[in-house]
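Anchor point for the sequence shown: position 210 equals 210 in UniProt numbering, and the numbering is continuous, going up by one each time.
A short worksheet on the structure shown next.
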Amino acid sequence: MLLAMATITVQDVDDAGLADWRLLANGLHARFRTGDMPTGARFVAAVADAAEELDHHPDVDLRPSHVDLALVSHDVGRVTRRDLRLARRVSDIAAGLGLTAQPEVLAQLEVALDTADLAAVGPVWAALLTGDAGALDGDDVVDRRGRVPLLWFQGTDAHETPRQRFHLDVWVPHDVAQERVDAAVAAGATVVDASHAPSFVVLADPEGNRVCVCTALDR
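The structure is reproduced here in structure tokens:
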């Protein structure tokens, strides 16, 4: 049981042979190209049967051309080996239906708020975003129903003069992060700090608004 609850890394995903899946900010993610809604519905039904068998359930988003899936063990708030087992089963189902994964298009948006007093501001934002002040999970506000992006509180020193408060974290697969940074730079962004790559790279738009391109590596 302890092994099943162990924290999962990018290397664990690679070692498990899960080429269809990528670790992002909150969970293990995959997209499978279906081409049409009936094929997607058959795929989702088969995934639901497998999830019931394994007693572990993914978040599923069925669209006309594709199906997105996210896996996380909600009882412990992170990806575990239970998620790896279900991910492998889902990939087998997809292969049996002739579906192709598209890991290169995966992304997840996280909003980051600098604060020196998480205990004071965290419950406020949890209540605003989810209607439940108790939705604060550590230093994150997590909407389990997926209605709003993740909100992460970044610890900072107290300061009189306001500095940047909010910024966006764009989580992408580790193997496309540099491509995303290069695309932003080609579009006019400036790299502010790459010293923490591949974990994250800080960029700014031409007006100085900052954003981090983040991956699950080196965390």
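Ideal Cβ positions, reconstructed from N, Cα and C, are used throughout, including at glycine.
- DSSP places T215 outside both helix and strand once states are collapsed to three, so it counts as coil.
- Closest in alpha carbon position to R81, among S195, Q178, Q11 and A126, is Q11.
- Scanning its chain for C-beta atoms nearer than 6 Å, with the 5 sequence neighbours on each side dropped, one finds around D61 the residues D68, in chain order.
- Straight-line spacing of the CA atoms in A158 and R165 works out to 12 Å.
- For the beta strand (DSSP E) assignment, the uninterrupted runs of no fewer than 3 residues enclosed by the UniProt domain "Glyoxalase-like" (111-214) are, from N- to C-terminal side, 150-155, 166-171, 190-193, 200-204 and 210-214.
- Straight-line measurement puts the Cα of D49 at about 15 Å from the Cα of G96.
- Per the coordinates, the alpha-carbon of A46 lies some 12 Å from the alpha-carbon of P58.
- In this structure, W171 sits away from L18, with a CB-CB distance that is not shorter than 7 Å.
- Here A101 is bridged, per DSSP, to F32.
- Comparing C-alpha distances from E207 to each of V201, V192, P38 and A197 shows the shortest one belongs to V192.
- The beta carbon of F32 sits closer than 6 Å to those of V67, A94, L99 and A101, all from its chain and outside the five residues before and after it, given in chain order.
- Taking every protein chain shown into account, the CB of T215 has 16 or more other CB atoms within 10 angstroms, so this residue is buried.
- Secondary-structure assignment with DSSP links D61 through a beta bridge to D68.
- Residues A50 of the same chain have their beta carbon placed closer than 6 Å to that of R89, with the five preceding and five following residues left out of the count.
- Between the alpha carbons of D83 and R144 lies a gap of roughly 16 Å.
- When beta bridges are read from the DSSP output, L24 appears opposite G27.
- Judged by DSSP in its simplified three-state form, L109 adopts strand.
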